[in-house]
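Heads up, the thing below is written out as structure tokens.
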Amino acid sequence: MKLKSLALLIPVLATPAFANPVEEALKKDGAQVNLLIKTAKEAPSPEFIDSARNSFDNFHWQMGGDHAMYYNSHMNEFLTTAISSPNAEYKPLERAINSDLDELKVETTKGSFTMVEYLADPHFRTQGFMLIHEGKVVYEAYPGMKPTDRHIWASSSKTTVGLIIAQLVEEGKIDTDKPVTTYMPELKGTVWEEVEVIHLLNHTTGLDNEENLESILNPDSSVVRLFASVLGSPRQSTGEVETWMQVAKDTQPLKNESTGEHFRYASMNTIILTKMIEHIEGKQWNKVFEERVWGKMTARQPALFNQTPDGTALALGLMLTTLEDMGRFGTLWTPSWSAVAVEPVVSPKILDRVYTNGNPESYIGSAKEASSMVHSMKRRPSSHITLTLSMTTALWLRAAI
């Protein structure tokens, strides 16, 4: 369950292919962790913000240092941002705080902690934590953010894209067995012609764009090229600012691997699905999401979606909300949905599709399984849904499902 800044992992890396670029990146001001996580609750100085702004690029952010802590809650100051408004009716989540959960045991590589000890330990850099049971908040803590602060969801925001895709499938607007290029004609003539929509959804494309420790720390990998392109940063090896579509078209197949075989996690899949949704609906992503999801929720604040330089929403990870509003989204998937929305959003058919349309065999032995929190746990209760906000903020949602 350990969540730590990427910068704390760097010293153990020794692969020559990316050791030097990482070492160089860590020399920049703000690239390493010096500030305690509780300082994120305070307003930083104008000088700190200026330094963060002047240093902003994808690789500096990836170092997970003091500047990254600021980026993660203020990305709308660095990238253009689209808004999805909530329902006009705001309804606070009920509280039924259970103080016994302070003694819940948390197993980490540093040993066993109680929940209250774990959240207070500066090593783990948790910013916000919430447990929701049957539509009520039973536990919450904010070691490194205020309840009204926003934070990026990181890859948890990919669930928003998956939900909309599932809705469109139920409406007959998408056939998941068809090639990606059926809905993304701009990718015709590339490797994506051999990839079906279901392969995007299951991360089994057979393409060389998997996100793992080696690729995300190699500044010229296809993964980091994508990260650079969506933030408007130049490619490390050429100095050229690429578009994400250029990176997509330049993606290469893996040798001796067919589509549908192995789970290889890639954010490229999600940005393609996001653009696919826009093509089908004829609207920008934030408006589709507002009409179908967020606008039906009694959330406190709008959902913010950062955008690429060409205006594509980064629902692959750069979505910002409060922790409680993220909890509301999770509750949509449970029988307690009426605590957070004016009408159902996730139908029983969609839940069934989520449960039955995956390919669990492809996940076994994958890099994602090896790095996952769930894989490191001895037992995961079936009644828990775990959502993660970036490296520093986590939400556990427990519901009667």
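Residues -19 to -1, 1 to 382 (mature numbering (1 follows the signal peptide of the UniProt record, and there is no 0)) make up the sequence shown, in order.
For each residue, glycine too, the CB sits at the ideal point set by N, CA and C.
Bear in mind that the values here come from a model prediction, so they are computed numbers and not experimental data.
Exposure label - residue i; buried when at least 16 CB within 10 Å
{"i": "R131", "result": "buried"}
{"i": "Y99", "result": "buried"}
{"i": "Y246", "result": "buried"}
{"i": "S203", "result": "buried"}
{"i": "L112", "result": "buried"}
{"i": "H260", "result": "exposed"}
{"i": "E272", "result": "exposed"}
{"i": "I78", "result": "exposed"}
{"i": "I146", "result": "buried"}
{"i": "L17", "result": "exposed"}
{"i": "E5", "result": "exposed"}
{"i": "E305", "result": "buried"}
{"i": "residue 390", "result": "In the structure as shown, the chain starts at -19 and stops at 382, and residue 390 therefore has no counterpart that could be examined."}
{"i": "T256", "result": "Sequence check: residue 256 is Lys here, not Thr. Buried: at least 16 other Cβ atoms inside 10 Å."}
{"i": "I179", "result": "buried"}
{"i": "S54", "result": "buried"}
{"i": "Q227", "result": "exposed"}
{"i": "Y164", "result": "buried"}
{"i": "E192", "result": "buried"}
{"i": "N15", "result": "exposed"}
{"i": "Q233", "result": "exposed"}
{"i": "A69", "result": "exposed"}
{"i": "N250", "result": "buried"}
{"i": "S210", "result": "buried"}
{"i": "G346", "result": "exposed"}
{"i": "G187", "result": "buried"}
{"i": "E121", "result": "buried"}
{"i": "A190", "result": "The sequence as given places Asn at residue 190; Ala does not occur at that position. Buried: at least 16 other Cβ atoms inside 10 Å."}
{"i": "T289", "result": "buried"}
{"i": "residue 386", "result": "No information on residue 386 is available, as it lies outside the stretch -19 to 382 that the chain covers here."}
Assigned secondary structure, residue i (DSSP; H/G/I helix, E/B strand, else coil)
{"i": "V142", "result": "helix"}
{"i": "L285", "result": "strand"}
{"i": "L149", "result": "helix"}
{"i": "N1", "result": "helix"}
{"i": "Y344", "result": "helix"}
{"i": "E177", "result": "strand"}
{"i": "N132", "result": "In the sequence under discussion, the amino acid at residue 132 is His, which differs from the Asn named in the question. Here H132 sits in strand by DSSP."}
{"i": "V14", "result": "coil"}
{"i": "L301", "result": "strand"}
{"i": "M307", "result": "helix"}
{"i": "T278", "result": "First, the residue type needs correcting, since residue 278 is Met and not Thr in the sequence shown. M278: strand per DSSP, three-state reduction."}
{"i": "E262", "result": "helix"}
{"i": "Y336", "result": "helix"}
{"i": "A294", "result": "strand"}
{"i": "A6", "result": "helix"}
{"i": "V269", "result": "helix"}
{"i": "V329", "result": "Strictly speaking, residue 329 in this sequence is Pro, with Val absent from that position. P329 falls in the helix class under three-state DSSP."}
{"i": "P166", "result": "helix"}
{"i": "A322", "result": "strand"}
{"i": "P25", "result": "coil"}
Supposed contact pair residue j and residue i - C-beta distance, whole angstroms, cut 8 angstroms
{"i": "K169", "j": "T162", "result": "5 angstroms"}
{"i": "K277", "j": "E324", "result": "6 angstroms"}
{"i": "G298", "j": "S218", "result": "Wrong, their Cβ atoms sit about 24 angstroms apart, outside the cutoff."}
{"i": "K349", "j": "F244", "result": "6 angstroms"}
{"i": "L235", "j": "N57", "result": "In fact, because the Cβ distance is near 36 angstroms, the residues do not count as touching under 8 angstroms."}
{"i": "residue 385", "j": "T240", "result": "The requested residue 385 is not part of the displayed model; the chain covers only -19 to 382."}
{"i": "G339", "j": "N237", "result": "Incorrect: roughly 24 angstroms between the Cβ atoms, too far for contact."}
{"i": "K19", "j": "P124", "result": "6 angstroms"}
{"i": "V119", "j": "L82", "result": "7 angstroms"}
{"i": "W275", "j": "P25", "result": "About 29 angstroms separates the two Cβ atoms, so there is no contact after all."}
{"i": "S282", "j": "T302", "result": "Here residue 282 is Gln; the residue named in the question, Ser, does not match the sequence. Confirmed, about 6 angstroms."}
{"i": "A280", "j": "R309", "result": "5 angstroms"}
{"i": "I253", "j": "L181", "result": "6 angstroms"}
{"i": "I197", "j": "M300", "result": "About 19 angstroms separates the two Cβ atoms, so there is no contact after all."}
{"i": "F40", "j": "V205", "result": "7 angstroms"}
Cβ-heavy atom distance, residue i to the ligand SAH, below 7 angstroms
{"i": "E223", "result": "This structure does not include the ligand SAH; it has no bound ligands of any sort."}
Review point. Are three or more beta carbon pairs between the region 63 to 81 and the region 23 to 43 nearer than 8 angstroms?
Key: no
Check your understanding: Okay, do the region 65 to 77 and the region 39 to 47 touch, 3+ Cβ pairs below 8 angstroms being the bar?
Key -> no
Practice item. Any chance you could list the alpha helix (DSSP H) runs of at least 4 consecutive residues sitting entirely within the region 39 to 116, in chain order? Key: 39 to 43, 47 to 55 and 96 to 101
Point to revise | the region 145 to 154 / the region 326 to 333 touching (three or more Cβ pairs under 8 angstroms) | key: yes
Practice item. Counting only runs of 3+ residues fully inside the region 179 to 247, write out the beta strand (DSSP E) ranges in chain order. Key: The beta strand (DSSP E) runs lying completely inside the region 179 to 247 and spanning 3 residues or more number zero.
Point to revise | Three-pair Cβ contact test at 8 angstroms for the region 315 to 323 versus the region 133 to 148 | key: no
Point to revise | Touch test, the region 79 to 97 against the region 8 to 18, Cβ-Cβ under 8 angstroms, three pairs minimum | key: no
Practice item. Could you tell me whether the region 280 to 296 touches the region 189 to 207, where touching means 3 or more Cβ pairs closer than 8 angstroms? Key: no
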